[in-house]
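A.B. asks:
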Ligand SMILES: CC(=O)SCCNC(=O)CCNC(=O)[C@H](O)C(C)(C)COP(=O)(O)OP(=O)(O)OC[C@H]1O[C@@H](n2cnc3c(N)ncnc32)[C@H](O)[C@@H]1OP(=O)(O)O
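Residue numbers (full-length UniProt numbering): 1 to 446.
1) With distances taken Cα to Cα, identify the nearest neighbour of residue 222 among 401, 199, 148.
2) Residue 269 by DSSP, collapsed to three states: which one?
3) Whole angstroms are fine: how far does the CA of residue 89 sit from the CA of residue 418?
4) Measuring alpha carbon to alpha carbon, tell me which residue in 358, 104, 354 is nearest residue 72.
5) Across the stretch 298 to 311 and the stretch 405 to 412, are there enough close Cβ pairs to call them in contact, namely three or more that are closer than 8 Å?
6) Is residue 252 near residue 224, with beta carbons less than 8 Å apart?
7) For residue 100 and residue 137, I'd like the C-alpha separation in whole angstroms.
8) If you drop the 5 nearest sequence neighbours on each side, which residues of the same chain put their C-beta closer than 6 Å to that of residue 447?
9) Going by DSSP, what residue range makes up the beta strand (DSSP E) through residue 282?
10) Is DSSP giving residue 22 helix, strand or coil here?
11) Compute the Euclidean distance between the alpha carbons of residue 157 and residue 142, then round it to the nearest angstrom.
12) Tell me where the beta strand (DSSP E) around residue 309 begins and ends.
13) Count the other CB atoms within 10 Å of the CB of residue 22; is the residue buried (16 or more) or exposed (fewer)?
14) Looking at the secondary structure, which residues open and close the beta strand (DSSP E) in which residue 430 lies?
15) Tell me whether residue 197 counts as near ligand 1, meaning its Cβ is closer than 7 Å to at least one heavy atom of that ligand.
16) Below 8 Å on the Cβ atoms is my guess for residue 39 versus residue 256; work out the distance and round it to an integer in Å.
17) Excluding sequence positions up to five away, which residues of its chain have a Cβ less than 7 Å from the Cβ of residue 95?
18) So what's residue 354 in DSSP terms, helix, strand or just coil?
19) Give every residue of the same chain whose Cβ lies closer than 6 Å to the Cβ of residue 126, excluding the five residues on either side of it in the sequence, and list them in chain order.
20) Is there at least one non-hydrogen atom of ligand 1 closer than 7 Å to the beta-carbon of residue 253?
21) If distances are taken between C-alpha atoms only, which option among 110, 134, 391, 322 comes closest to residue 80?
22) For residue 141, which residues does DSSP report across the bridge?
23) If you measure from the CB of residue 258, is any heavy atom of ligand 1 nearer than 7 Å?
24) Using 8 Å as the Cβ pair cut-off and three pairs as the minimum, do the stretch 389 to 401 and the stretch 225 to 236 touch?
25) I'd like the span of the beta strand (DSSP E) that includes residue 29, first residue to last.
26) From residue 193 to residue 348, what distance separates their C-alpha atoms?
27) Within the chosen definition, does the stretch 200 to 213 reach the stretch 262 to 280 through at least 3 CB pairs nearer than 8 Å?
28) By a C-beta neighbour count over all protein chains shown, 10 Å radius and 16 as the cutoff for buried, is residue 432 buried or exposed?
29) DSSP puts residue 231 in a beta bridge; with which residues?
30) By how many angstroms is the C-alpha of residue 289 removed from the C-alpha of residue 108?
31) Per DSSP, residue 291 forms a beta bridge with which residues?
32) If we cut at 8 Å on Cβ distances, does residue 203 have a partner in chain B?
33) Can you give me the start and stop residues for the beta strand (DSSP E) that residue 75 sits inside?
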């Protein structure tokens, strides 16, 4: 593990170089490393841990690992898909407790399940433009610490009560209260425009693409096997900080069998569905973050570069009228990114495709293989083709590790950067589907 030498230079505030005359220079962006806490099935190990504590723990681990205590970094950018209103400045609060200098600016962003990767792209772009020298990108989510809201009726009563000046006014307002007002508003894992859950949408796409139950179970089983092996090899030793007694993702089931998976009942379309609790990601609590920097800053601070973040692309699809599957946007983002990079889909040593649902990964791969989809939807003469499946999610992915929405991007970036470091050279593709019909993708190289 690369350790930073403590020099006086490191204590100086990170300041961007003067931009080249006539504009800003585009610089290479280094991934120095990442950190996450083990992910936990919701309402288990982190049931009493707040979102802010989760993110703080991930950040603190990164600060300790790279000896960043007291450092003023360019920025910390992170977010949560679901958060309390009291967490309006979640990332800043977590950064203030992380050990970084309080003079480090920090703020929230949110792009559903693409949040963690989008945060990395944002920080990377500022580094590339010379606006900052280094920064941390991250994400956190917990459905155990979900904010519970009150309905519109009770909200109006409470606001009126707050404004009332006299006891008489207050009593009059209280008279409007009905027991039905106590029904809480719980955040839903669904699309407001369709009223369908992510799983419902993915099941429609799975039917459309004819994704077999056995293939989904196989992908899920392989994810558990690969993640378990990665733990055995110690792959995560310098990527993870234990929390609340948890040292590994507790969704991981290395002993599960294909026979057992075949017995599970469909959980979305209960009649003809192919998606189950095992080939869908579980609701998960967790947080992750990555340290990005300019080449100069990495050198000046004696930090090794694991990989370079070289390309990114975000796409969105029209899913409302079911013109396209909700989670199919990466199928569009990736070919656009490949064209800009002058690469083909086969030019990668690793493919990190977020396993929101096994069926989603398989639908995306099938779309890229389909001459009709590639011609009609992507406007390509030739299909993108198949990938070497031995290079897909080689250290397991969200089905086995879990998927704390905003934290998945950081997990993937850190994992891929380390894979490239271990290999010595190569290229990896990241593809993350997100709610709202969006997809965030990137390329890491070494
Ligand atoms: C852009 C995006 O990323 S979209 C994705 C966003 N995320 C989501 O939408 C989350 C989707 N997931 C969910 O909503 C829930 O996890 C569900 C509906 C799939 C499943 O919820 P639950 O039914 O509560 O799951 P639960 O953990 O109880 O599992 C059901 C059963 O399957 C079993 N099971 C689950 N996984 C496995 C496994 N890998 N091996 C063996 N058995 C398993 C459980 O043990 C349980 O068995 P039991 O009933 O005998 O106890």
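C-beta: ideal position from N, C-alpha, C; glycine also.
C.D. replies: In this structure, then:
1) As a working note, residue 222 is residue 222 in the chain shown. Checking every option, the nearest Cα to that of residue 222 belongs to 401.
2) Reading the chain shown from its first residue, position 269 is the one you call residue 269. Three-state DSSP puts residue 269 in coil, outside helix and strand.
3) If you number the chain shown from 1, residue 418 lands on position 418. If you number the chain shown from 1, residue 89 lands on position 89. Using only the alpha carbons, I get a separation of about 31 Å.
4) Numbered from its first residue, the chain shown carries residue 72 at position 72. Ranking 358, 104, 354 by Cα distance to residue 72 puts 104 first.
5) no
6) Here residue 252 refers to the residue found at position 252 of the chain shown. Here residue 224 refers to the residue found at position 224 of the chain shown. Yes.
7) Within the chain shown, residue 100 is the residue found at index 100, counting from 1. Within the chain shown, residue 137 is the residue found at index 137, counting from 1. Their Cα atoms are separated by approximately 14 Å.
8) The question about residue 447 has no answer, for the chain in this structure spans 1 to 446.
9) For this step, residue 282 is matched to residue 282 along the chain shown. Per DSSP, residue 282 belongs to no beta strand (DSSP E) and is neither H nor E.
10) In the chain shown, the residue the question calls residue 22 occupies position 22. Caution is warranted here: a pLDDT of 44 is assigned to residue 22, below 50, making its placement in the model unreliable, and the coordinate value is therefore given only provisionally. DSSP places residue 22 in coil when its eight states are reduced to three.
11) For this step, residue 157 is matched to residue 157 along the chain shown. For this step, residue 142 is matched to residue 142 along the chain shown. Taking the straight line from one Cα to the other gives about 29 Å.
12) As a first step, residue 309 is located in the chain shown; it is residue number 309 there, counting from the start. Note, residue 309: beta strand (DSSP E), 307 to 316.
13) Mapped onto the chain shown, residue 22 falls at position 22. Only weak support exists for where residue 22 lies, its pLDDT of 44 falling under 50; the value from the coordinates is given anyway. Answer is exposed; the Cβ neighbour count stays below 16.
14) On the chain shown, position 430 is the one that residue 430 refers to. Note, residue 430: beta strand (DSSP E), 427 to 434.
15) Indexing the chain shown from 1 puts residue 197 at position 197. Checking the Cβ of residue 197 against ligand 1 gives yes.
16) As a first step, residue 39 is located in the chain shown; it is residue number 39 there, counting from the start. As a first step, residue 256 is located in the chain shown; it is residue number 256 there, counting from the start. About 17 Å; that fails the 8 Å criterion.
17) Residue numbering aside, residue 95 sits at position 95 when the chain shown is read from its first letter. Same-chain partners within the cutoff: 59, 76, 104, 106.
18) Reading the chain shown from its first residue, position 354 is the one you call residue 354. Three-state DSSP puts residue 354 in coil, outside helix and strand.
19) Position 126 of the chain shown, counted from the first residue, corresponds to residue 126. Closer than 6 Å at the Cβ level, and outside the excluded window around residue 126, lie 132.
20) On the chain shown, residue 253 is found 253 positions in, with the first residue counted as 1. It does: the Cβ of residue 253 is within 7 Å (strictly closer) of some heavy atom of ligand 1.
21) Counting from 1 along the chain shown, the entry for residue 80 is found at position 80. Among 110, 134, 391, 322, the Cα nearest to that of residue 80 is on 110.
22) The residue you call residue 141 lines up with position 141 of the chain shown. BP columns for residue 141 point to 286.
23) Within the chain shown, residue 258 is the residue found at index 258, counting from 1. No, since every heavy atom of ligand 1 falls outside the 7 Å radius drawn around the Cβ of residue 258.
24) yes
25) The residue given as residue 29 occupies position 29 in the chain shown. Element bounds for residue 29: 29 to 36.
26) Translated into the one-based positions of the chain shown, residue 193 becomes position 193. Translated into the one-based positions of the chain shown, residue 348 becomes position 348. Spanning the two alpha carbons is a distance of roughly 36 Å.
27) yes
28) For the purposes of this step, residue 432 is identified with residue 432 of the chain shown, where counting begins at 1. Per the 10 Å Cβ criterion, buried.
29) In the chain shown, residue 231 corresponds to position 231, counting from 1. For residue 231, which the question treats as bridged, DSSP gives no partner whatsoever.
30) If you number the chain shown from 1, residue 108 lands on position 108. If you number the chain shown from 1, residue 289 lands on position 289. The straight-line gap from Cα to Cα measures roughly 13 Å.
31) Your numbering for residue 291 matches position 291 in the chain shown. DSSP, once it has assigned bridges, lists 33, 136 as partnering residue 291.
32) Note that chain B does not occur in the displayed structure, where there is just one protein chain.
33) Translated into the one-based positions of the chain shown, residue 75 becomes position 75. Looking at the DSSP string, the run of the beta strand (DSSP E) that includes residue 75 is 75 to 78.
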